[in-house]
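Before any comments, here is the structure.
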Amino acid sequence: MKALSVLRLLPLVALLTAWLPTAALAEGEAAVVAGADAMYTVNNTWMLVATFLVFIMHLGFASLEAGLTRAKNTVNILFKNTAIISIGLLTYAVVGFNLMYPGDFSLGGWFGFGGFGIGVSPEDMMVAGDDGVGIYTYWTDFIFQAMFAATAATIVSGAVAERIKLHSFLIFSTIYVALVYPWVGSWKWGGGWLDEMGFYDFAGSTLVHSVGGWAALVGVSLLGPRLGKYVSGGIKPILGHNMPLATIGVFLLWLGWFGFNGGSVLSADPELVSFVFVTTSLAAAAGVIGAMTISWIIQKKPDLSMALNGALAGLVGITAGADVVSVMSAVIIGLLAGFLVVASVMVLDRCKLDDPVGAISVHLVCGIWGTLAVGIFSAEHSFVTQLIGVAAYGVTCFIAAMVLFLVVKAIFGLRVDEKEEMIGLDLGEHGMEAYSGFEIHNS
Amino acid sequence: MKALSVLRLLPLVALLTAWLPTAALAEGEAAVVAGADAMYTVNNTWMLVATFLVFIMHLGFASLEAGLTRAKNTVNILFKNTAIISIGLLTYAVVGFNLMYPGDFSLGGWFGFGGFGIGVSPEDMMVAGDDGVGIYTYWTDFIFQAMFAATAATIVSGAVAERIKLHSFLIFSTIYVALVYPWVGSWKWGGGWLDEMGFYDFAGSTLVHSVGGWAALVGVSLLGPRLGKYVSGGIKPILGHNMPLATIGVFLLWLGWFGFNGGSVLSADPELVSFVFVTTSLAAAAGVIGAMTISWIIQKKPDLSMALNGALAGLVGITAGADVVSVMSAVIIGLLAGFLVVASVMVLDRCKLDDPVGAISVHLVCGIWGTLAVGIFSAEHSFVTQLIGVAAYGVTCFIAAMVLFLVVKAIFGLRVDEKEEMIGLDLGEHGMEAYSGFEIHNS
Amino acid sequence: MKALSVLRLLPLVALLTAWLPTAALAEGEAAVVAGADAMYTVNNTWMLVATFLVFIMHLGFASLEAGLTRAKNTVNILFKNTAIISIGLLTYAVVGFNLMYPGDFSLGGWFGFGGFGIGVSPEDMMVAGDDGVGIYTYWTDFIFQAMFAATAATIVSGAVAERIKLHSFLIFSTIYVALVYPWVGSWKWGGGWLDEMGFYDFAGSTLVHSVGGWAALVGVSLLGPRLGKYVSGGIKPILGHNMPLATIGVFLLWLGWFGFNGGSVLSADPELVSFVFVTTSLAAAAGVIGAMTISWIIQKKPDLSMALNGALAGLVGITAGADVVSVMSAVIIGLLAGFLVVASVMVLDRCKLDDPVGAISVHLVCGIWGTLAVGIFSAEHSFVTQLIGVAAYGVTCFIAAMVLFLVVKAIFGLRVDEKEEMIGLDLGEHGMEAYSGFEIHNS
């Protein structure tokens with residue numbers, strides 16, 4: 032501010048020298064920088080908040096899966112979820128991030144790889160938007176995307192629960208999350224061929240949820256149903272052992288979705304992020320109402336599991352288009368997702384595809400629905416392109432998961448033996464119980 | 032920055048032309064805008080953080096209510112809470128928001144309605160403060176308030192638990208949250224008659240908590256106590272079935288309160304938000320100490336339920352004045368709220384008002400206390416005006432809840448039959464158990 | 032903007048008067064302020080987010096401790112954790128904050144006290160960085176640090192669980208958190224002698240975790256093992272009663288650590304905070320992998336408790352150097368912490384030091400490891416100085432905890448009687464059960 036007092040004393044002198052306007056402008060420039068710095072900081076801060084929200088989804092998945100299955104397999108499920116987030120973060124650092132965002136593609140828009148590991152020199156640290164204003168750091172970019180990566184594998188975990196061998200599952204999901212998820216993800220979010228074609232998937236109805244969902248479908252097909260699930264032509268419901276835990280899971284997932292969708296704006300843009308909060312919340316609410324109503328009508332009883340899955344159905348459904356559909360469309364998308372999830376659960380049971388937590392119905396069926404809904408409810412997006420995207424991910428992930436699961440099956444086997452399945456994987460695989468001291472009669 | 036180099040080369044020419052000062056100012060102006068843009072973004076981001084914090088309170092309520100009641104009614108409680116947040120969000124979008132913030136009142140400051148549905152044209156998107164700096168978007172305004180709305184109904188849920196018919200409760204709370212809550216809310220937060228009178232309720236000791244509390248009181252009175260609660264002149268404690276779940280509930284509520292109170296600043300103002308964090312935290316802590324001490328003295332045993340309700344008592348108590356009382360006053364308000372909640376629980380039991388989770392004591396009694404405390408501890412607010420506000424909400428909500436409950440009772444009945452109450456609402460209403468496989472002996 | 036139109040009309044006149052450059056600069060200056068205001072606001076907002084994240088760690092501790100111990104002591108553990116956070120917040124307001132950040136030291140860098148209570152005049156409200164830009168308010172500074180304070184006492188809680196008298200524990204931890212934690216904390220974070228010596232502890236591997244860990248070690252030594260733990264030369268595992276609860280605990284602690292470490296940047300600096308997110312996450316993940324692998328090899332079974340403690344080990348390990356070690360170093364630190372925690376649990380059991388939740392192994396052993404790791408993996412820090420710091424805290428905290436525990440033991444006794452330990456502290460101390468209605472056979 033010293034320049035200022037000089038100016039006050041000697042305005043005319045100042046006007047005749049070269050440095051005045053420069054100083055005035057430099058001052059203005061500094062101010063511009065200060066505003067942009069603050070914008071960079073708030074953008075980055077929001078993305079870190081979104082990051083920890085996506086992180087907590089992993090506790091949501093763990094709780095939901097454990098709650099909807101039997102007490103005798105709880106430790107196994109918790110172990111898998113603790114391991115997956117850890118494996119997912121580390122593999123994403125080693126290889127996933129640079130596969131998903133390769134920079135350049137070496138095979139058209141189909142495949143690229145930016146090298147092993149993460150780390151940059153300071154001058155590359157800030158990632159800026161088109162206007163040059165920083166939106167986040169390189170590190171934020173990595174950790175936000177890393178939190179996403181592991182969700183795909185976690186989705187599989189619920190579908191194959193209560194009968195898959197622990198190490199077989201861990202090997203499958205390590206490779207799926209390290210290689211398949213980022214590779215197909217690059218097609219859209221890495222700027223690959225589907226991105227160039229105009230395919231739209233805002234936060235991952237297809238790229239995350241259906242990618243996990245397809246692997247879940249393959250896993251369930253190969254494993255077969257749990258013992259006693261389909262007997263003499265009938266369907267025997269196998270009840271979850273802890274509904275408060277399942278409810279905690281769904282609420283934490285809903286919470287995390289504010290980061291999953293809200294962070295996918297990739298900045299703290301006030302209008303976009305807040306709009307995404309609204310569409311996300313209302314779609315989830317409509318999903319609950321949809322699933323609750325239809326299941327109440329069909330089963331004559333209000334079904335908590337269905338209401339909970341309805342919330343997730345609405346959330347998965349809105350994920351592809353949360354920023355490009357209207358509020359009313361979001362409600363319709365969520366409501367239909369709520370109907371769909373109930374129908375899908377019933378159809379899968381008819382097909383003897385035993386998915387203990389409804390992961391295929393929630394993540395695959397509603398993931399497809401949400402992606403197609405963008406082509407229906409947003410005038411700027413083509414239904415056909417959306418369909419091509421859905422099909423491309425479907426074919427690729429189905430084949431990749433099938434090959435991977437078959438290789439793992441050939442080497443290690445997939446399913447625990449009958450005796451272990453009866454006593455539960457907690458004692459069988461881990462030698463411990465989830466609820467030591469409690470009197471529990473296992474079905 | 033091109034202008035800059037020109038200036039360096041030709042300062043004198045520049046001084047003699049009209050565009051120099053304009054350019055210099057325009058540069059400065061751009062800088063001002065950039066700073067204001069960043070401020071708008073951080074304000075809005077904080078409000079969205081507050082929004083997801085208030086969202087998680089619904090999981091807090093669900094956990095607390097389920098934990099403090101019996102295992103046989105757990106599914107029912109979880110179902111109600113999942114349904115209420117969903118219904119609350121949707122009805123607030125359809126009618127609540129425009130009832131609560133009508134813009135203009137058609138009946139003095141008593142009633143106004145801005146029309147059905149939400150949605151605006153882009154030019155109305157930014158909501159700015161008095162200085163013209165944006166504080167949040169229209170969408171943020173909606174979704175933050177929408178998260179609040181459902182809490183009022185959730186409060187009722189705990190008080191009427193273990194004996195109310197599911198559909199009767201859902202119908203009551205849908206109407207209460209869609210119409211009554213926003214209508215009476217408009218009197219203060221919508222700029223209505225109580226606001227003009229100088230009534231103060233920062234974040235809703237009265238507007239949210241007592242509004243729910245009055246309906247809880249009416250519901251409990253109409254339903255009568257649970258079977259076996261008051262027998263042969265004595266009070267038989269009916270214990271909660273899952274204290275870790277109740278504790279999770281209280282900590283999540285406390286967490287959510289940082290958004291409930293912190294977001295009620297309606298901007299990210301550093302001094303106000305951080306001050307509110309301090310008063311909120313210390314009042315909650317003092318509430319724990321107050322309830323813990325007094326119950327330890329009276330019952331000779333340190334009571335976990337009372338300590339937990341003490342935290343909520345302190346939080347409800349500080350909600351009305353978190354930004355206008357001193358730190359020391361916040362501690363006193365919380366401490367007294369802790370005493371009050373214990374006394375109230377005992378008095379209600381004497382009156383045979385059976386409130387399984389203490390919702391009336393926490394939300395109504397401490398809501399009134401907190402509102403009156405503003406008139407005591409803040410020199411700028413009148414005790415009499417605070418009392419008028421409390422009375423106005425009391426009379427209106429009591430009558431509204433009474434009429435609504437009586438109409439619902441006349442049409443659908445309120446209470447499940449005795450047999451269903453004995454076997455529990457989980458089997459009775461939902462045909463499922465919360466803890467399948469566990470050996471549980473119901474009281 | 033009025034000045035602007037004048038300028039447009041009368042540029043030459045303006046140039047010849049004294050106020051033009053002043054106005055131009057003032058405009059620029061206002062712009063600088065606007066940017067700085069926004070930066071202050073986002074810095075402060077991030078610190079408040081970090082504050083609520085650290086708050087939720089207390090729920091994490093409560094859940095983890097309750098989950099890893101027996102059902103008959105659950106209410107007692109939940110009560111302790113609810114009480115400690117409340118006591119911690121209040122004592123930190125009364126005395127702790129001004130002991131830890133005394134401003135001036137009266138005894139060299141060894142002891143200082145800024146007076147009782149908190150509260151400032153408005154002109155002191157903003158705490159600014161070296162560049163004059165605000166980073167948080169006085170209130171934020173207090174509440175963020177207050178949330179930290181109680182964690183030290185909570186760490187002790189888990190180690191002494193299932194056998195310590197409630198009031199003895201509360202008296203010990205009140206004094207420890209009110210006086211010892213802030214006093215020794217002042218040596219580094221308050222600018223005391225260890226800070227001047229160049230000792231480095233970013234977020235508290237030593238100042239928080241080992242301070243709690245030393246007291247845990249003393250408590251465990253004085254109390255002796257739980258009945259039946261070490262019988263006839265063998266070690267009898269006493270299993271936790273609720274593994275979902277323990278898992279919830281660990282995930283919430285991991286979540287909270289984003290605030291614990293991320294907030295310790297003491298601003299929203301994009302590069303530093305995001306880098307800390309990355310090192311923290313990868314160290315936690317590596318800790319899981321380390322503990323999982325080593326325990327799988329040794330015990331032949333994948334152990335969920337070890338995997339969970341591995342996450343915490345990695346988190347405690349990275350806490351001292353999260354901002355100064357490389358990503359690869361963070362992974363190595365976490366991995367070794369995962370090995371260490373498993374080894375330490377086994378060694379402690381050999382020494383008949385019975386720590387039900389592994390608190391000493393996680394917080395003390397990995398706290399020391401993390402502090403020394405700064406001297407190994409960061410070229411700018413001295414291993415010897417780190418060792419001096421570790422020793423200084425070790426000697427002081429060990430002696431302080433020993434004296435305190437012995438005084439409490441002499442006056443009130445430390446351990447519940449044998450009968451109470453058998454029936455459990457829930458019935459013995461609180462007269463209530465955590466899981467009313469459930470059939471539980473206690474070991």
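Protein chains in written order, with this note's numbering: chain V, 32 to 474; chain F, 32 to 474; chain A, 32 to 474. We put the CB at the ideal spot given by N, CA and C, even for glycine.
Taking 8 Å as the threshold (beta carbon to beta carbon), is residue i in contact with chain A?
i	result
V106(V)	yes
T416(V)	no
S94(V)	yes
N473(V)	no
P133(F)	no
Would you mind working out which of the options sits nearest residue i, comparing C-alpha positions?
i	options	result
F429(A)	M274(A), E460(A), S241(A)	S241(A)
V393(F)	L276(F), L95(F), K219(F), N74(F)	L95(F)
A190(F)	G444(F), T171(F), L384(F), V415(F)	L384(F)
F452(F)	A183(F), K260(F), V211(F)	A small correction: the amino acid at residue 452(F) is Glu; Phe does not occupy that position in the sequence shown. Ranking the options by Cα distance to E452(F), first place goes to K260(F).
S326(V)	A315(V), G341(V), W285(V)	G341(V)
F173(A)	L79(A), M377(A), I269(A), L313(A)	L79(A)
L445(A)	M157(A), L303(A), I363(A), G250(A)	G250(A)
A183(F)	F142(F), F291(F), P133(F), V372(F)	F291(F)
V187(V)	T278(V), F436(V), G345(V), V319(V)	F436(V)
G401(V)	I364(V), L379(V), V239(V)	I364(V)
V362(A)	V355(A), P333(A), V378(A), A316(A)	A316(A)
I454(F)	A404(F), V378(F), N104(F), V309(F)	N104(F)
K267(V)	G160(V), Q330(V), D380(V)	D380(V)
Mind checking which residues open and close the alpha helix (DSSP H) that includes residue i?
i	result
V439(V)	414-443
Y167(F)	Not the alpha helix (DSSP H): Y167(F) falls in the beta strand (DSSP E), residues 165-168.
Y466(A)	Unbroken run through Y466(A): none, as it is neither H nor E.
A353(V)	Per DSSP, A353(V) belongs to no alpha helix (DSSP H) and is neither H nor E.
P213(F)	212-217
A234(V)	Taken as a continuous stretch (DSSP letters only), A234(V) belongs to no alpha helix (DSSP H), as it is neither H nor E.
K111(F)	105-122
I206(V)	197-206
Can you tell me where the beta strand (DSSP E) with residue i in it begins and where it stops?
i	result
M157(F)	157-159
Does residue i come within less than 8 Å of chain V when only Cβ atoms are used?
i	result
T53(F)	Because the pLDDT at T53(F) is just 40, under 50, the model does not fix this residue reliably, and the point stays unresolved.
W400(A)	no
F289(A)	yes
I195(F)	no
Along chain V, which residues have their Cβ under 9 Å away from the Cβ of residue i?
i	result
A102(A)	Y466, S467, G468, F469
DSSP puts residue i in a beta bridge; with which residues?
i	result
V262(V)	G265(V)
F142(V)	L138(V)
Output, in chain order, the set of chain A residues within a Cβ distance shorter than 9 Å of residue i.
i	result
I320(F)	A114, S117, I118, L121
In chain V, which residues lie less than 7 Å from residue i when you measure between Cβ atoms?
i	result
S375(F)	What S375(F) touches in chain V: nothing, since even the nearest Cβ is about 27 Å away.
Kindly list, in the order they appear in chain F, the residues whose Cβ is closer than 7 Å to that of residue i.
i	result
L313(V)	L120, L121, A124
Which residues in chain V have a C-beta closer than 8 Å to the C-beta of residue i? List them in chain order.
i	result
W170(F)	E302, S305, F306, F308, V309
Does any C-beta atom of chain F lie closer than 8 Å to the C-beta of residue i?
i	result
V393(V)	no
A45(V)	With a pLDDT of 33 at A45(V), under the threshold of 50, the modelled position of this residue cannot be trusted; read the value that follows with caution. No, A45(V) lies away from the interface with chain F (no Cβ there is under 8 Å from its Cβ).
V73(V)	yes
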